[in-house]
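Step one of this worksheet: look at the structure below.
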Amino acid sequence: MAGQITAPIQALGAYADNANPGPVPGPTGLRETDALAAAIRRYAEAREAAERELTQLNATLEQRIAAAVAERDTAQARLVEAQKMEAVGQLTGGIAHDFNNLLTAIIGSLDLMRKEIAGNARLQTLSEIAIQAAQRGAMLVSQLLAFGRRQTLQPQSVRLEHALADIRLLIGPATGGEVTLATELATDLWACWVDRGQLDSAILNLVFNAHDAMPRGGTLTIAAINRTVEAAEAKRLDIAAGDYVRVAVSDTGAGMSPETAKRAFEPFFTTKGVGSGTGLGLSQVWGFAKQSDGTATIDSRPGDGTTVALLLPRAASEPAAAAAAVAAPDHAVTSKRILVVEDSNEVRALAQSLLEDLGHQAIVAPHAEAALAILSGDQAVDLLFCDIVLGGPIDGRRLAELARVLRPELKVLLTSGYPDRLQPMPGDPPIIAKPYQQADLTARLAALFDA
Ligand SMILES: Nc1ncnc2c1ncn2[C@@H]1O[C@H](COP(=O)(O)OP(=O)(O)O)[C@@H](O)[C@H]1O
Ligand SMILES: [Mg+2]
């Protein structure tokens, strides 16, 4: 009897001790030992399952740690990159803003001088050279301002198919020779909310780069699709989640090395020879995309061609049909009383000369307070023409609001060459970008007073 009980129990004991026990010893017919055997079997199975789970958990834990470390590293690299671009942007934007004011005065003054020296061929040639050089300077400054995200953007609802139709006309000659131009536009493309002039510049800059990359010919493709960006991708791209239009310019050219691709958006970075590259094309593209609340990306490998893509925010509304096309004025308005508010002495004097030359009466004020003093008096004023950034506590926009309280009928034209972080809202006064010329002013004034 003792042997009948102890033998199976010893067998079970040995089974439970064994690390890799194999099948449980068979039933003995004794209820107690069989129940014990079943309990041990359940225990063994549970232990095995727990061990399997633990091994798996270890493996996934390692994976998860590796993924988290990698994610942190890329986030850090992105942050460093963003800080670098921000710092360079601040610097170039600040310098560009000062130059922009100087160029406004230079170009405007030369413009006026041209009329006075009509009889003198030599002086005329010299002034033409000076104007052209200053305009080239203004062009470079505007690209720098774009990079520094200090452009005066006037975003509107734009349909890419319309914009591209115009651009095709411009790039026809540029893409001649062996370069084939293809456009692939989705049929149900959304309208995007961007500044039309800056969009044109950005696409042209990309087209010129693609062209430069294919000296022996190839295919240049402009493609556009709708794109909804989800939270995770939005975070990676540093934009808000939502709807975008993706415009991509691709070439089958030389491609970029990783080092070049990494620095390509930096201002003044160029691999082209002196005189053929300014290094400002992609800077404009990048600044424009960022300032428009979108982004730009480069996908390129040496020998494999390049795609630079813009993500541009979807417009909440369709483009206004006829209103979008500003009708060319058939006659210029004259003899209006215009209150010029501008803190830069040079630009204020220039604006006054330009306006008086057009037959208007200019009343000048160096800051908002002086302008408000005039507006609260009874001097007649038809238009308030003011700089947005005025240095004092009241900026141009606020001045415009206050002025309209004082004089509800007053027309307003704003101007700026400076950070205009507030995107103009529909219903905002019109804005003319610095540097402006007499012809720009004439057109704006005609639009304002004919309306
Ligand atoms: N489509 C492209 N293919 C190959 N390299 C390109 C392309 N676009 C830009 N790059 C590289 O990026 C650099 C900067 O471009 P960009 O800012 O337009 O200045 P730039 O064209 O004056 O050199 C170029 O010099 C070139 O090395
Ligand atoms: Mg370029």
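Here the working numbering = 1-based position in the sequence shown + 822.
From the three backbone atoms N, C-alpha and C, an ideal C-beta is built for every residue, glycine too.
Computed from a predicted model, the values in this text were never measured in an experiment.
Please state if the CB of residue j and the CB of residue i are separated by a distance shorter than 8 angstroms.
i, j, result
"R990", "V1067", "no"
"G1075", "M1036", "yes"
"R1229", "G1109", "no"
"L1161", "A1202", "no"
"L1180", "Q1260", "yes"
"C1208", "V1163", "yes"
"V1071", "I1025", "yes"
"L982", "L1028", "no"
"L932", "I953", "yes"
"L1102", "A1046", "no"
"I1185", "I1196", "yes"
"L1104", "A1086", "yes"
"D1017", "L986", "no"
"A1062", "D1115", "yes"
"L1267", "G930", "no"
Straight-line CA distance for residue i to residue j?
i, j, result
"G1019", "G1218", "23 angstroms"
"T850", "R874", "31 angstroms"
"T1005", "T877", "54 angstroms"
"A871", "G835", "21 angstroms"
"A888", "A897", "14 angstroms"
"G1213", "H1189", "8 angstroms"
"E1088", "R1226", "42 angstroms"
"V1155", "L1205", "12 angstroms"
"G1125", "K1084", "17 angstroms"
"A881", "A890", "14 angstroms"
"A829", "R863", "18 angstroms"
"A909", "F969", "11 angstroms"
"I1120", "K1057", "17 angstroms"
"Q1174", "A1255", "17 angstroms"
"T1002", "N1031", "15 angstroms"
"V1107", "R1123", "20 angstroms"
"M1078", "T1129", "10 angstroms"
"A1054", "D1060", "10 angstroms"
"P1080", "H1033", "20 angstroms"
"R900", "R936", "51 angstroms"
"L1224", "L1194", "8 angstroms"
"V1234", "E893", "50 angstroms"
"G1133", "A1118", "Note on residue identity: the sequence assigns Leu, not Gly, to residue 1133. So the two alpha carbons sit approximately 6 angstroms from each other."
"K1112", "A1265", "30 angstroms"
"T926", "Q885", "59 angstroms"
Taking all protein chains shown into account, do 16 or more other C-beta atoms lie within 10 angstroms of the C-beta of residue i, making it buried, or fewer, making it exposed?
i, result
"Y865", "exposed"
"S1274", "As shown, the chain starts at 823 and ends at 1273. That puts residue 1274 outside it, with no answer to give."
"S1198", "exposed"
"V902", "exposed"
"L1270", "buried"
"K906", "exposed"
"G915", "buried"
"A1150", "Unreliable positioning characterises A1150 in this predicted model, as indicated by a pLDDT of 45, which lies under 50. The coordinate reading is nonetheless provided below. Exposed: under 16 other Cβ atoms inside 10 Å."
"D839", "exposed"
"T1237", "buried"
"A855", "Here the sequence assigns Thr to residue 855, which means Ala is not the residue at that position. Result: buried."
"A1147", "Any reading at A1147 must be qualified, since the residue scores a pLDDT of 40, below 50, and its modelled position is unreliable; the value itself is stated next. Burial call: exposed."
"Q832", "exposed"
"A861", "exposed"
"D1272", "exposed"
Taking DSSP as the reference, what is the three-state secondary structure of residue i?
i, result
"Y865", "helix"
"Q973", "coil"
"I1047", "strand"
"R981", "coil"
"E1006", "strand"
"W1012", "coil"
"T1100", "coil"
"T828", "helix"
"R853", "helix"
"Y1066", "strand"
"G1218", "helix"
"L1212", "coil"
"I917", "helix"
"D1204", "coil"
"R1058", "helix"
"I989", "helix"
"L1236", "strand"
"D1001", "With the sequence shown as reference, residue 1001 is identified as Val, and Asp is not the correct amino acid for it. Strand, per DSSP."
"D1262", "helix"
"S1079", "coil"
"A952", "helix"
"G959", "helix"
Could you check whether the Cβ of residue i sits closer than 7 angstroms to any heavy atom belonging to ligand 3?
i, result
"G1103", "In the structure on display, ligand 3 does not appear, and the ligands it does have are ligand 1 and ligand 2."
Pick out the complete beta strand (DSSP E) segments inside the segment 1114-1140, 3 residues or longer, and give them in chain order. 1117-1122, 1128-1135
Return the chain-ordered ranges of every alpha helix (DSSP H) run that is complete within the segment 1162-1202 and spans a minimum of 4 residues. 1167-1179, 1190-1198
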